[in-house]
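Residue numbers (my numbering), protein chains in the order written: chain A, 2 to 83; chain B, 2 to 83.
Input: a single structure, listed below in structure tokens.
Protein chains: 2
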Amino acid sequence: MSLYTAHINVMPLTELLDPQGKAVNDSLHKLGFQAIQGIRIGKHITLQIEAASAEEAKQVAEDACKKLLYNAVMEQYEIVIS
Amino acid sequence: MSLYTAHINVMPLTELLDPQGKAVNDSLHKLGFQAIQGIRIGKHITLQIEAASAEEAKQVAEDACKKLLYNAVMEQYEIVIS
């Protein structure tokens, strides 16, 4: 068994409004960052998984996402194992 | 000028407790995910930047982090431009 690190990004679905991102976008513009647009804000989760292989670790991370870490109605996730 | 995408991770400093991560850690254990440990939860921010080069885009993203997106007392950030 080895210890793998999973990096999980949970982001609002692209079809949905992201009020937090919109608010930060407006704030950045007020601060003079006119070159910035299209901000979206989600969660970045890192965790360690004890598993026999990277594939098994990814499967555990997927299960954890589906059972707790993301809301399928509003969010999508991506997992990178290292 | 091109449009670059910045992926920014804002995470709690490793020396600090992460109560949200701790709570999720405990919840995952209750759900049977004993192989998971060391959860830390931060923010994942994506944004578009109009800039002449990737270096300039990264500089703009750094400035935005320092002025608004992260709290130096409690958080660290990393930026990837694509």
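Cβ coordinates follow ideal geometry from the N, Cα and C atoms, glycine included.
Cutoff 7 Å: residue i Cβ touching any chain A Cβ
{"i": "B/K68", "result": "yes"}
{"i": "B/A65", "result": "yes"}
{"i": "B/L18", "result": "no"}
Closer than 9 Å at the beta carbon, the chain B residues around residue i
{"i": "A/A52", "result": "A36"}
{"i": "A/S83", "result": "By Cβ distance, chain B contributes nothing, its closest Cβ being about 13 Å from A/S83, past 9 Å."}
Neighbour flag for residue i against chain B, beta carbons, 7 Å
{"i": "A/N10", "result": "yes"}
{"i": "A/V61", "result": "yes"}
{"i": "A/Q21", "result": "no"}
{"i": "A/L14", "result": "no"}
Residue i versus the options, residue with shortest Cα-Cα distance
{"i": "A/Y78", "options": "A/M12, A/E51, A/V61, A/A53", "result": "A/M12"}
{"i": "B/A62", "options": "B/A36, B/V74, B/A53, B/L48", "result": "B/L48"}
{"i": "B/K23", "options": "B/Q35, B/A53, B/A58, B/R41", "result": "B/R41"}
{"i": "A/Q21", "options": "B/Q35, B/K31, B/I46, B/Q38", "result": "B/I46"}
Proximal chain B residues relative to residue i, where beta-carbon distance stays under 8 Å
{"i": "A/K44", "result": "I42, G43, K44, H45"}
As assigned by DSSP and simplified to three states, the class of residue i
{"i": "B/E76", "result": "strand"}
{"i": "B/L29", "result": "helix"}
{"i": "B/Q1", "result": "Past the boundaries of the shown model lies residue 1 of chain B; chain B is included only from 2 to 83, so the question cannot be answered."}
{"i": "A/Q38", "result": "strand"}
{"i": "B/L70", "result": "helix"}
Neighbour list for residue i in chain A, Cβ cutoff strictly below 7 Å
{"i": "B/S28", "result": "L69"}
Contacts that residue i makes with chain A (C-beta to C-beta distance below 8 Å)
{"i": "B/Q77", "result": "Near B/Q77 there are no residues of chain A at all, since even the closest Cβ is about 12 Å away, more than 8 Å."}
{"i": "B/V25", "result": "I46, L69, L70"}
Contact between the stretch 27-41 of chain A and the stretch 55-71 of chain B is defined here as three or more beta-carbon pairs at a separation below 8 Å; is this criterion met? Judged by Cβ distances under 8 Å, the stretch 27-41 of chain A makes contact with the stretch 55-71 of chain B, as three or more pairs qualify.
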